[in-house]
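Undergrad: Structure provided below as structure tokens; questions to follow.
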Amino acid sequence: MGVERPPPLWVYSQVDVLNTFHLNCVDSWLTKWGTSCPVCKHDIRTQTMSSEAHKRDSPRTGPCLHRSDFPCDIEWGNHVGISIAFIFSFLLYFFVIQKMIPEVVTVDVSQAKTLLQSDHQYLDVRTEEEFRRGHCVAPKILNVPYMLNTPQGRVKNPNFLDQVSSLLSPTDYILVGCQSGARSLNATSELVAAGYKKVRNIGGGYLAWVDQSFPINKEQQQSTN
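All the letters of the sequence shown, read from the start, carry residue numbers 3 to 227 under our numbering.
Printed below as a string of structure tokens:
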């Protein structure tokens with residue numbers, strides 16, 4: 003029994019092995035002979051072969067990935083890039099906005115009562131009517147409404163910052179209070195943005211002060227008597 007030999011070189015030269023999808027099949031064809039590639043199971047003289055069939059039937063020779071391993075095409079990749087850029091821009095915008103929002107320090111009424119015994123001034127930002135009905139007892143107390151009562155309802159006092167600046171300096175220690183803590187929080191935020199660095203908000207406001215049975219002053223009741 004004679005030794006089998008591969009086909010002569012002239013047979014190899016007549017086969018179109020320069021096609022991209024045949025480059026991985028040449029060794030197998032030369033080893034196994036014949037025109038039907040034992041790897042991709044197609045006749046290597048033909049011009050048609052499914053890249054998916056080649057990928058499925060051909061063994062992997064290394065860690066490299068085939069392009070078809072990725073179901074996403076270039077367009078999908080572009081969409082991903084755009085999405086990542088959008089998310090990054092949004093986060094950057096959010097970070098900048100957060101930096102622009104003034105940081106407000108809030109203290110409770112117990113802390114406020116202690117601070118008022120030192121050099122802190124109390125800025126009551128309720129309406130004049132609310133202030134006359136009752137306010138905290140403090141050595142230094144001022145009333146500058148943050149909101150004004152109008153026939154249409156309450157509106158923001160357009161001269162709030164000007165009125166405060168005529169009474170208090172940006173270097174003064176200020177405690178801002180209202181009825182429940184909402185208006186004072188907004189007022190404190192505006193003051194911080196305007197350059198008042200030693201201003202603090204009183205959480206809970208006048209209602210929390212009364213709830214702790216701290217001393218109050220009722221001007222209307224005194225004037226009636």
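From the three backbone atoms N, C-alpha and C, an ideal C-beta is built for every residue, glycine too.
Once DSSP output is grouped into helix, strand and coil, what is the label at Y148?
TA: Residue state, collapsed to three classes: coil.
Undergrad: Is V111 helix, strand or coil by DSSP?
TA: helix
Undergrad: Is the separation between the beta-carbon of N188 and that of H137 shorter than 7 angstroms?
TA: The Cβ atoms of N188 and H137 do not sit closer than 7 angstroms to each other.
Undergrad: What whole-angstrom Cβ distance do V166 and V106 have, given they're in contact under 8 angstroms?
TA: Contact flag wrong, Cβ pair sits at about 15 angstroms.
Undergrad: Could you check how far apart the C-beta atoms of G207 and Q181 are, in whole angstroms? I think they sit under 8 angstroms.
TA: Rounded to whole angstroms, the Cβ separation of G207 and Q181 is 5 angstroms, and the two are in contact under 8 angstroms.
Undergrad: By Cβ distance, which residues of its chain are closer than 7 angstroms to S52, with the 5 residues on each side in sequence left out?
TA: Any reading at S52 must be qualified, since the residue scores a pLDDT of 47, below 50, and its modelled position is unreliable; no value is offered.
Undergrad: With DSSP collapsed to three states, give me the class of Q181.
TA: coil
Undergrad: With a threshold of 6 angstroms on Cβ separation, who are the neighbours of L169 within its own chain once the five nearest residues in sequence on each side are excluded?
TA: L144
Undergrad: Jot down the residue ranges of each uninterrupted alpha helix (DSSP H) in the stretch 153 to 222, minimum 4 residues, whole runs only, in chain order.
TA: Taking only runs of at least 4 residues, the alpha helix (DSSP H) segments lying wholly in the stretch 153 to 222 are 162 to 167, 184 to 195 and 207 to 213.
Undergrad: Should Y148 and R202 be called a contact, given that it needs their Cβ atoms to be closer than 7 angstroms?
TA: no
Undergrad: Strictly by DSSP, which residues pair up with D126?
TA: Residue pairing of D126 in beta bridges, as defined by DSSP: N145 and G179.
Undergrad: Quick test of your reading: A210 and V111, contact by CB under 8 angstroms. State the CB separation rounded to the nearest angstrom.
TA: 5 angstroms
Undergrad: Among residues of its own chain, excluding the 5 on either side of A140, which ones have a beta-carbon nearer than 7 angstroms to its beta-carbon?
TA: Counting only residues of its own chain and dropping the five nearest sequence neighbours on each side, A140 has a CB closer than 7 angstroms to the CB of L118 and Y124.
Undergrad: To the nearest angstrom, report how far apart D213 and D121 are at their CA atoms.
TA: 24 angstroms
Undergrad: Take the Cβ of A114 as the centre, count every other Cβ of all protein chains shown within 10 Å, and call the residue buried at 16 or more, exposed below.
TA: Note on A114: 16 or more other CB atoms within 10 angstroms of its CB, so buried under the neighbour-count rule.
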